[in-house]
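Enquirer:
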Amino acid sequence: MTSCRKHYNTYPPKQDKFLIHLHHSLTAPKQTNKHKLKVGDQAPVQALMADKVVLLDVWASAFGSRVRIALAEKGVECEYKEENLADKSPLLLKSNPVHKKIPVLIHDGRPICESLIILEYIDEAWKDKAAPLMPQDPYQRANARFWADFADKKILDCGSRIWKNKGHASEAATKELIENLKLLEGELGEKPYFGGESFGFMDIVLISFYSWFYTYETHGNFTIEKECPKLMVWINKCKERDSVSKTLAVADPHRVYHEYVAMLKKKLGIE
1 MTSCRKHYNT YPPKQDKFLI HLHHSLTAPK QTNKHKLKVG DQAPVQALMA DKVVLLDVWA
61 SAFGSRVRIA LAEKGVECEY KEENLADKSP LLLKSNPVHK KIPVLIHDGR PICESLIILE
121 YIDEAWKDKA APLMPQDPYQ RANARFWADF ADKKILDCGS RIWKNKGHAS EAATKELIEN
181 LKLLEGELGE KPYFGGESFG FMDIVLISFY SWFYTYETHG NFTIEKECPK LMVWINKCKE
241 RDSVSKTLAV ADPHRVYHEY VAMLKKKLGI E
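Using the UniProt record's numbering, the first residue of the sequence shown is number 1, and each one after it goes up by one.
1. State the Cα-Cα distance for the pair Met-134 and His-107, rounded to the nearest angstrom.
2. How long is the line joining the alpha carbons of Ile-162 and Asn-143, rounded to whole angstroms?
3. Expressed to the nearest angstrom, what Euclidean distance is found between the alpha-carbon atoms of Phe-18 and Leu-93?
4. Apart from the five residues just before and just after Leu-177, which ones in its own chain have a Cβ nearer than 8 Å to its Cβ?
5. Just mark Asn-236 as buried or exposed, buried being the case when its beta carbon has 16 or more other beta carbons within 10 Å.
6. Just the Cα atoms here: how many angstroms apart are Leu-181 and Cys-228?
7. Regarding Ala-169 and the ligand SAM, is the C-beta to nearest heavy atom distance less than 7 Å?
8. Whether or not the stretch 180–196 and the stretch 53–63 are in contact is what I'm after, with contact meaning three or more pairs of Cβ atoms, one per stretch, closer than 8 Å; do they touch?
9. Assign Asp-203 to buried or exposed, taking buried as 16 or more other Cβ atoms, counted over all protein chains shown, within 10 Å of its Cβ.
10. Assign Lys-74 to buried or exposed, taking buried as 16 or more other Cβ atoms, counted over all protein chains shown, within 10 Å of its Cβ.
11. With C-beta atoms as the reference, is Ala-131 less than 8 Å away from Leu-184?
12. Between Phe-146, Ala-169, Trp-234, Ser-95, which lies nearest to Leu-188 when the distance is taken from Cα to Cα?
13. Taking only three categories from DSSP, how would you classify Asp-108?
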């Protein structure tokens, strides 16, 4: 069972197939924001979203994928709202007025922003629903936060420079990414998961980037399996979990490359 109920105004509820909806959402005509919440409206988000769990997201987002995985791990159902980042909804702008970015989790009408913060919120808000995502030991918790921050800063930056550039710039970014992945592989060591025997916070953070690894490998002309074989074993182990496999079925690496990255390159004027 997927963790999020989908919400698409252009399709009847009976067509509740996630992949079908997301595919159609890429080609459906743009909807106007008429009759929807305006950024300046006084009606609070709380009144509109009371007693609901809503996720504002984009299907190809690694940061959104990790939120979906965490919700699935906790068995929390939510209403999924696909955002168009070229025409951000009033709800997104009102829910995240500072950064105006996805993902945003709205729980009982209150928005939570930034994916790492959202993961910790999910773990604490639904602490009785499933095993904890964060380590219970203070040192291990701090260590998990350190490596999560490292992954977010290094992987996205290096990966983006790989596919946005050519020649020396792309090669340098590829070398840097591989070095960073090797550091992560070293932190994993011989453990089945980053936190030890149990799938948890850091695993969710890093596996969410898997959807983009094919793009990085293709543009960088390398394979993670060859460069970081132990990390690849960990990836395959994570993919055995329903929460991960169902999320990655939507944010499929080849689909991200051929649809989403192709769209971004065209928009940025990158050949």
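Cβ coordinates follow ideal geometry from the N, Cα and C atoms, glycine included.
Expert: With the structure as the only source:
1. Looking up residue 134 in the sequence shown gives position 134. Looking up residue 107 in the sequence shown gives position 107. For Met-134 and His-107, the distance between alpha carbons rounds to 20 Å.
2. Mapped onto the sequence shown, residue 162 falls at position 162. Mapped onto the sequence shown, residue 143 falls at position 143. Those two C-alpha atoms are separated by around 28 Å.
3. Here residue 18 refers to the residue found at position 18 of the sequence shown. Here residue 93 refers to the residue found at position 93 of the sequence shown. Residue confidence is low: Phe-18 scores 38 on pLDDT, short of 50, so the model does not pin down where it sits. Its coordinate-derived value is still stated next. Answer to the nearest angstrom: the Cα atoms are 25 Å apart.
4. As a position in the sequence shown, residue 177 is number 177, starting the count at 1. Take Leu-177, set aside five residues on each side of it, and the residues of its chain with a beta-carbon closer than 8 Å to its own are Lys-154, Ile-155, Cys-158, Gly-159, Ile-162, Tyr-216, Gly-220, in chain order.
5. Position 236 of the sequence shown, counted from the start, is the residue given in the question as residue 236. Burial check for Asn-236: the Cβ neighbour count within 10 Å stays below 16, so the residue is exposed.
6. Locating residue 181 in the sequence shown gives position 181, counting from the first residue. Locating residue 228 in the sequence shown gives position 228, counting from the first residue. Their Cα atoms are separated by approximately 7 Å.
7. Ligands are entirely absent from the displayed structure, and the ligand SAM is therefore not among its contents.
8. As far as the Cβ criterion goes, the stretch 53–63 does not touch the stretch 180–196, which means the pair count is below three.
9. As a working note, residue 203 is residue 203 in the sequence shown. That one is buried.
10. In the sequence shown, the residue the question calls residue 74 occupies position 74. Its Cβ being crowded by 16 or more others within 10 Å, Lys-74 is buried.
11. Taking the sequence shown and counting its residues from 1, one reaches residue 131 at position 131. Taking the sequence shown and counting its residues from 1, one reaches residue 184 at position 184. In this structure, Leu-184 does not lie closer than 8 Å to Ala-131 by Cβ.
12. Here residue 188 refers to the residue found at position 188 when the sequence shown is read from its first residue. Looking at the Cα atoms, Trp-234 is the closest of the given residues.
13. Start at 1 with the first residue of the sequence shown, and residue 108 comes out as number 108. Asp-108 falls in the coil class under three-state DSSP.
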